[in-house]
C-alpha cells in the first residue's frame, strides 16, 4: 500500500473515513474482496459505493469500452469515451479512495471462465445488463461456489415507481435486487439504476459486516 | 400436480425440466430453475424428471443495468 496519495497520508484518510462510517465496520470491510461482474450503470455505481465505504479489495470484470450512450447513467466522463470501462472505473475509484486494491479484468465472463474468475471472491456481485448473462452467472456461480453469496440486479429501467425496487432473498446465498419486470425497452435512467445499485451495495456491506440482509 | 411460481400445473409429472421450460417460457436462456429450493444447473435440465408435488421456481431475468 502506498503511504501517501497527492499529499494525503493513508492514516489520516482512514481516520476521516472512520469518523463517518458506521463504528466497527471499516476494519471488517478492509479485509473483504468483492468481485463485480460488469462495469456499466450498476457496476460503476456499486463500485463507487464500495470504494467510498472502504472495501479493501475490488476486482472489476467487464469486456466493454465507454460509449456516448453510457454517460446518461454510468459513472464515466466525456474525457473517458473510448477507454475500456474497467480502466476508466479504476482511475475514477482511486480518486475517491487511493488506498484500496483494485484489480481489473477486461474480458467477457462465460460459463467456461467463471470458475477461475470468481475463485477468490468473498462475495460475487452481478452487475450485467444482459439477461442471458445474468442467468449464466447465477447458474455458474451457484454451481462452482454454492457457499459464496451472490448479489444480483434484476429490473431497474425507466422512470417507474422508485419503491418497486426491492431486495429479495431468492435462496440462502442469493439476493436479487430490482423490480423484476422493467426490461430496458422503455429506456434506462440514472436514478433507478442508482437505486438498484444502492440496494446491491448495501446488501454487500451488510453481508460483509455479518448483518442479515433482510429483516427476519 | 406440480407448483410453478405459486401456480398449480398439471400434466408435467414424468416430464423433464426442459419440457417444462419449453411450455413456460420462450426465453429459456434468461431463466434459472430452482427445484424444491435448489438450483438445477443447465446441464441437468434435460435429465431431471418432475415428480408429484415438486415445487419449481423459474427465476426470470430482464435486461438493463
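Chains as they are written, first to last, in the UniProt record's numbering: chain A, 1 to 216; chain B, 1 to 65.
We treat Cβ as the ideally placed atom computed from N, Cα and C, and that holds for glycine.
Within the stretch 120-133 of chain A, those residues whose Cβ lies closer than 7 Å to any Cβ of chain B are, in chain order, 127, 128, 129, 130, 131 and 132. Between residue 98 (chain A) and residue 22 (chain A), the gap from beta carbon to beta carbon reaches 9 Å or more. Non-local beta-carbon contacts of residue 183 (chain A) in its own chain, meaning distances under 7 Å to residues more than five positions away in sequence, involve 157 in chain order.
The beta carbons of residue 58 (chain A) and residue 93 (chain A) sit closer together than 9 Å.
Between residue 194 (chain A) and residue 2 (chain B), the alpha-carbon positions lie close to 38 Å from each other. Within chain B, 64 and 65 have C-beta atoms less than 8 Å from the C-beta of residue 156 (chain A), given in sequence order.
Neighbours of residue 170 (chain A) in chain B, taken as residues whose beta carbon is under 7 Å from its own, are 59 in chain order. Counting only residues of its own chain and dropping the five nearest sequence neighbours on each side, residue 21 (chain B) has a CB closer than 6 Å to the CB of 28.
In terms of Cβ geometry, residue 197 (chain A) and residue 72 (chain A) do not form a close pair [threshold 9 Å]. A contact is defined here as three or more CB-CB pairs under 8 Å, and the stretch 66-85 of chain A fails this definition with respect to the stretch 22-31 of chain A. Counting only the Cα atoms, residue 151 (chain A) lies some 14 Å from residue 59 (chain B).
Here the alpha carbon of residue 111 (chain A) sits roughly 28 Å from the alpha carbon of residue 166 (chain A).
In the three-state reduction of the DSSP assignment, residue 70 (chain A) falls in the helix class. Between the alpha carbons of residue 14 (chain A) and residue 173 (chain A) lies a distance of about 31 Å.
Contiguous alpha helix (DSSP H) elements confined to the stretch 11-85 of chain A occur at 25-30 and 41-53, taking only those with 4 or more residues.
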